[in-house]
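In what follows, a structure is listed as structure tokens, so that the remarks can point back to it.
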Amino acid sequence: MTDDPGRDDAAEDPHYFVVRGRRWRRTDPDLPEDVVAALQSHLGSARATVGAAGRRGDEAAVAAARRRVGVAKHGLGERGPRWWEEPLEGRIERARDALRDLEEGDPADG
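All residue numbers for the sequence shown refer to our numbering, where the first residue is 572 and numbers rise by one.
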């Protein structure tokens, strides 16, 4: 347990963390640091775009940004197959593929 009242780490699980009673999957700890940093950067940008597009009422941009959020989170291992049940090589390949997709951009996103 930390000093942060909004954070509850009572269930010390190496695969998940708990915040305000909600369980979230951790980022795969075995991914290369540079790949994780780049995916997290794309994730943050996509989340910001979701908010900005939502405030503008641009549903197409919201949907495109949410797709990018999903790609980044899959690459980080936070969504999709459980990273701890897969071989490391496949996890790294999935992360690099996600990063490549995000860096190339999605033509459907405009």
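Here a beta-carbon is modelled for each residue, glycine too, at the ideal position from N, C-alpha and C.
For the pair Leu602 and Val642, the CB atoms are not nearer than the 7 Å cut-off.
Taking all protein chains shown into account, Gly592 has fewer than 16 neighbouring C-beta atoms within 10 Å of its C-beta and is therefore exposed. Arg594 is bridged by DSSP to Val589. Residues Ala643 and Leu673 of the same chain have their beta carbon placed closer than 6 Å to that of His613, with the five preceding and five following residues left out of the count. Only buried fits Leu610, as 16 or more other CB atoms lie within 10 angstroms of its CB. Here the alpha carbons of Arg650 and Val640 stand approximately 10 Å from one another.
With contacts defined by Cβ atoms closer than 7 Å, Val606 and Leu670 form a contacting pair. The Cβ-Cβ distance between Ala617 and Ala624 does not fall below 7 Å. Residue range Glu604 to Arg627 is occupied by the alpha helix (DSSP H) that includes Glu604. Where Asp672 is concerned, the enclosing alpha helix (DSSP H) starts and stops at Leu659 to Glu675.
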